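Protein chains in written order, with my numbering: chain S, 976 to 1124; chain Y, 976 to 1124.
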C-alpha cells in the first residue's frame, strides 16, 4: 500500500490548533488554493491542488496545480513563463484551503487572459440587477501569442 | 417554474469578457467566496455561497454564506457581531469564484477561533516533511464566551 503524501486529518482540535499539516482534500481529491501577490497581497487566482500537486509545490518552491479542465498536473507558467514562486504557504482553521503568497515571473500576469489577476471585473448591483464592470486593468500579454494551440 | 436568481453562464467568450454576471455554481450549487480585508487586502477566510446567499449579500450589503457544516444560510456575524460589510465584489475569468472586499465589525475578527484571519498558521517544509507554525497573531475574542452553545 502506498504511503499517503500527507497525514490524514485528526480531530477538530488537532486540525485547528495542532502543528500537524493534514490537508483536508475534498471528495474529489482536491483542496482550494488561494493565490495572492506576496508584495501587494492582492488576490491573483483561485486554483486547486491534489496531494501530488501540493507535494510538488513544496518540493520545488514553484506552484503546481491540478487543472480541472485538462485533468492533469499543471506547472503554472510552464507555457506562459508566468511561474508562481512560492514565498510562503499557509492553511486555514479546518485545513481545507491553502494560501500561497507568490512572486510571478515572466509577464507578471497570472490570468490566461493576460490580466495580472483573474479578478479583473467588479460586480455592480443596482435596482435588483447585477452586472459586471471591468476594473480598468490592461492585459500584460496577448494570449494568442503566448498560447499557440 | 421559478425564475433563477442569476442568468445561466453563456459561452466561454461571454463568461470571460462579457458584462453579464452569470456565476458558475458547482454541481453542489455553491460558488467559492474569497473574503479579503478591504483595507489591508489580507485574506480573511474562504466561504461558500449558494444563489440565495449571494442574492442576499447583494441586496443587504452584508455577506451571507452557505454553511456547509450546518447546511443553512449563514448571516456572518449574526452571533459573534463580526459582520462582513461588503465594500466591493468581483468575480474571476470563468466566474466560478467571487472576491469580497469587506470591513469586519464587532471584534474585527473573522475566524471562529477568534483570530482576525482563518489563515493563522504557516506551512513549513523541511527535509521532506511539512509542519504548521502559528504566525504569532493573538485571538481577538474568546470563542467560549461568544459561542455559548
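C-beta: ideal position from N, C-alpha, C; glycine also. This one's a predicted model, so the numbers in the text were calculated from it and none came from an experiment.
Test item: CB-CB of residue i and residue j under 8 Å
i: residue 1088 of chain S; j: residue 1020 of chain S; result: no
i: residue 985 of chain S; j: residue 992 of chain S; result: no
i: residue 1037 of chain Y; j: residue 1050 of chain Y; result: yes
i: residue 1080 of chain S; j: residue 1056 of chain S; result: yes
i: residue 997 of chain Y; j: residue 1070 of chain Y; result: yes
i: residue 922 of chain Y; j: residue 1064 of chain S; result: This structure does not reach residue 922 of chain Y, given that chain Y is present from 976 up to 1124, and the question cannot be answered.
i: residue 973 of chain Y; j: residue 1073 of chain S; result: Residue 973 of chain Y falls outside the range modelled here, since chain Y spans only 976 to 1124, and no answer is possible.
i: residue 1094 of chain Y; j: residue 1066 of chain S; result: yes
i: residue 1078 of chain S; j: residue 1062 of chain S; result: yes
i: residue 1016 of chain Y; j: residue 1016 of chain S; result: yes
Cβ of residue i within 8 Å of any chain S Cβ
i: residue 996 of chain Y; result: yes
i: residue 991 of chain Y; result: yes
i: residue 1038 of chain Y; result: no
i: residue 1079 of chain Y; result: no
i: residue 1028 of chain Y; result: no
i: residue 983 of chain Y; result: no
i: residue 1105 of chain Y; result: yes
Counted within 10 angstroms of its Cβ, other Cβ atoms place residue i as buried (16 or more) or exposed
i: residue 983 of chain Y; result: exposed
i: residue 1042 of chain Y; result: exposed
i: residue 1025 of chain S; result: buried
i: residue 1022 of chain S; result: buried
i: residue 1008 of chain S; result: buried
i: residue 1028 of chain S; result: buried
i: residue 1090 of chain Y; result: buried
i: residue 990 of chain S; result: buried
i: residue 1053 of chain S; result: exposed
CB contact check: residue i to chain Y, cutoff 8 Å
i: residue 1120 of chain S; result: no
i: residue 1009 of chain S; result: yes
i: residue 1020 of chain S; result: yes
i: residue 1016 of chain S; result: yes
i: residue 1005 of chain S; result: no
i: residue 1115 of chain S; result: no
Residue i, DSSP secondary structure in three states
i: residue 1031 of chain Y; result: helix
i: residue 987 of chain S; result: helix
i: residue 1060 of chain S; result: strand
i: residue 1080 of chain Y; result: coil
i: residue 1026 of chain S; result: helix
i: residue 1109 of chain Y; result: strand
i: residue 1042 of chain Y; result: strand
i: residue 1121 of chain Y; result: helix
i: residue 995 of chain S; result: strand
i: residue 1017 of chain S; result: coil
i: residue 1075 of chain S; result: strand
i: residue 1007 of chain Y; result: strand
i: residue 1104 of chain S; result: strand
i: residue 1087 of chain Y; result: coil
i: residue 1012 of chain S; result: strand
i: residue 1066 of chain S; result: strand
For the stretch 1049-1076 of chain S, which residues have a beta carbon sitting closer than 7 Å to at least one beta carbon of chain Y? 1063, 1064, 1065, 1066, 1067, 1068, 1072 and 1074
Can you list, in chain order, the residues of the stretch 1082-1100 of chain Y whose Cβ is nearer than 9 Å to any Cβ on chain S? 1086, 1087, 1088, 1090, 1092, 1093, 1094, 1095, 1096, 1097, 1098, 1099 and 1100
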